[in-house]
Amino acid sequence: MKAAVLVFPGSNREGDVAQAIELVTGRRPTMVWHGDGDFEKVDLIVVPGGFSYGDYLRCGAMAAQSPVMAEVKKRAAQGVPVLGICNGFQIVTEAGLLPGTLMRNSHLKFVCADVHLKVETSQSLFTNRYQAGQVIKVPVAHAEGNYFADADTMKRLEDRGQIAFRYCSPEGAVDGSGNPNGSSSNIAGVFNETKTVLGLMPHPENAVEPMFGGTDGKGLFEGMVEALS
Amino acid sequence: MTLKNGVLDPQGKAIGHSLNRLGFPEVGDVRQGKYIELELAETDAAKAKARLEDMCKKLLANTVIENYSIELVG
Chain A
44 MKAAVLVFPG SNREGDVAQA IELVTGRRPT MVWHGDGDFE KVDLIVVPGG
94 FSYGDYLRCG AMAAQSPVMA EVKKRAAQGV PVLGICNGFQ IVTEAGLLPG
144 TLMRNSHLKF VCADVHLKVE TSQSLFTNRY QAGQVIKVPV AHAEGNYFAD
194 ADTMKRLEDR GQIAFRYCSP EGAVDGSGNP NGSSSNIAGV FNETKTVLGL
244 MPHPENAVEP MFGGTDGKGL FEGMVEALS
Chain B
613 MTLKNGVLDP QGKAIGHSLN RLGFPEVGDV RQGKYIELEL AETDAAKAKA
663 RLEDMCKKLL ANTVIENYSI ELVG
């Protein structure tokens with residue numbers, strides 16, 4: 044699996060996700076600067092976390108209009124898988140690759156903690172290593188992770204199985220107790236209609252080594268390798 | 613830019629609570645927005661307005677959650 048990781052001014056998790064990809068593929072991904080309108084052909088494009096363009100105007104708004112994202116939109120339309128993590132999720136929603144948007148956390152605070160996620164489906168190139176209903180533990184670190192979409196969009200997401208992960212309790216109960224930011228329907232991650240684009244607020248790339256608090260995020264990268272190699 | 617009706621505005625809520633605490637009990641719902649000033653080279657008002665609409669849709673507002681209004685001055 045050949046991957047590209049985008050880098051914007053203000054990105055800060057690009058190294059972590061590159062490391063996680065190298066861990067499971069043995070191959071260092073290509074790092075692509077935001078000003079590059081073109082880059083080599085890859086099997087997966089990752090939009091990493093951080094604070095692209097200082098989060099000016101709205102999180103991800105500027106990055107979504109950068110030259111590299113015009114190319115990403117073109118490739119996503121051709122079916123090239125795109126994974127947006129944290130600020131990357133904000134960027135891909137601002138770019139229109141995923142529905143909805145990420146608003147300020149309902150409690151107005153930055154949240155940096157381990158959270159539990161319920162895997163909603165194993166039927167995707169991103170989640171095939173997990174079981175539907177499985178609970179995994181991964182960290183979040185964000186101030187704007189409160190997922191919002193209008194009622195029609197929410198219904199469509201539910202009906203079409205486009206919800207990838209929901210925040211839950213350690214036992215798997217999807218209720219207010221496990222929701223770190225006020226997200227609608229506890230949504231932590233969503234797919235596009237074809238399930239070739241995934242955006243999520245948690246950081247699976249920071250849960251791939253036992254000495255750093257767990258390996259529950261590794262399955263996401265292993266699943267992609269299996270699907271894309 | 614203001615948040616659409618039905619979109620929860622936690623910052624507005626916090627501002628409302630603070631005002632209530634400061635002795636302004638008459639304050640009910642508070643909605644916080646954004647105000648942007650732009651200088652334009654365009655002198656034709658209709659053309660300027662059309663260009664600004666385009667700017668709002670493409671970058672300045674997120675129409676999933678925000679409404680915008682445009683005012684021409686000068």
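For the protein sequence lines, the chains are A and B, in the order given.
Count the first sequence with my numbering and you get residues 44 to 272, in order.
Count the second sequence with my numbering and you get residues 613 to 686, in order.
Glycine included, every Cβ here is placed at the ideal spot set by N, Cα and C.
Just so you know, these numbers come straight off a predicted model, no measurement behind them.
Query	Result
Jot down the residue ranges of each uninterrupted alpha helix (DSSP H) in the region 51–83 of chain A, minimum 4 residues, whole runs only, in chain order.	57–68
Taking the Cβ atom as the reference point for each residue, do N87/A and P124/A lie within a distance shorter than 9 angstroms?	The question names Asn, but residue 87/A in the sequence shown is Leu. Cβ distance < 9 angstroms, so L87/A and P124/A count as in contact.
Note the first and the last residue of the continuous alpha helix (DSSP H) segment covering P110/A.	110–120
Among residues of its own chain, excluding the 5 on either side of D81/A, which ones have a beta-carbon nearer than 8 angstroms to its beta-carbon?	E114
For the region 640–651 of chain B against the region 619–626 of chain B, do three or more pairs of beta-carbon atoms, one drawn from each stretch, fall closer than 8 angstroms, so that the two count as touching?	yes
Identify whether P622/B lies in helix, strand or coil by the three-state DSSP scheme.	helix
Buried or exposed: where does E57/A fall if 16 or more other Cβ atoms within 10 Å of its Cβ makes it buried?	buried
Is the beta carbon of I677/B sitting closer than 9 angstroms to the one on F132/A?	no
Which whole-angstrom value describes the C-beta separation of L672/B and Q108/A, a residue pair presumed to lie in contact below a C-beta threshold of 8 angstroms?	With a Cβ gap of about 11 angstroms, L672/B and Q108/A do not count as contacting.
Quick one: residues in its chain with C-beta nearer than 7 angstroms to the C-beta of K669/B, no 5 flanking neighbours on either side, listed in chain order?	T675
Between which two residues does the beta strand (DSSP E) carrying R276/A extend?	Outside the shown range of chain A, which is 44 to 272, sits residue 276/A, and nothing can be said about it.
Any beta carbon of chain B sitting closer than 9 angstroms to that of D193/A?	yes
If the cut is a Cβ gap below 9 angstroms, which residues of chain B does Q108/A touch?	K670, L671
Check whether the Cβ of G582/B lies closer than 9 angstroms to any Cβ atom in chain A.	An answer regarding residue 582/B cannot be provided, because it is not within the stretch 613 to 686 covered by chain B.
When the Cα of Q177/A is compared with those of P110/A, E163/A, A184/A, which residue comes out closest?	E163/A
In the DSSP assignment, find the beta strand (DSSP E) that holds T144/A and state where it starts and stops.	144–146
State buried or exposed for R209/A, treating a residue as buried only when at least 16 other CB atoms are found within 10 Å of its CB.	buried
Please work out which residues of its chain come closer than 6 angstroms, Cβ to Cβ, to W76/A, disregarding the five sequence neighbours upstream and downstream, and give them in chain order.	V50
Residues of chain B with CB closer than 9 angstroms to the CB of S95/A, please, in chain order.	The contacting residues do not exist; S95/A stays about 14 angstroms from chain B at best.
Taking contact to mean 3 or more Cβ pairs, one atom from each stretch, closer than 8 angstroms, check whether the region 136–156 of chain A and the region 173–189 of chain A are in contact.	yes
Are the beta-carbon atoms belonging to D79/A and V48/A less than 9 angstroms from one another?	no
Count the other CB atoms, across all protein chains shown, that sit within 10 Å of the CB of E137/A; report buried if there are 16 or more and exposed otherwise.	buried
Keeping to the same chain, check which residues put their C-beta closer than 8 angstroms to that of A653/B; ignore five residues upstream and five downstream.	none
Measure from the C-beta of P637/B to each C-beta in chain A and report whether the shortest distance is under 9 angstroms.	no
So for D157/A, helix, strand or coil by DSSP?	strand
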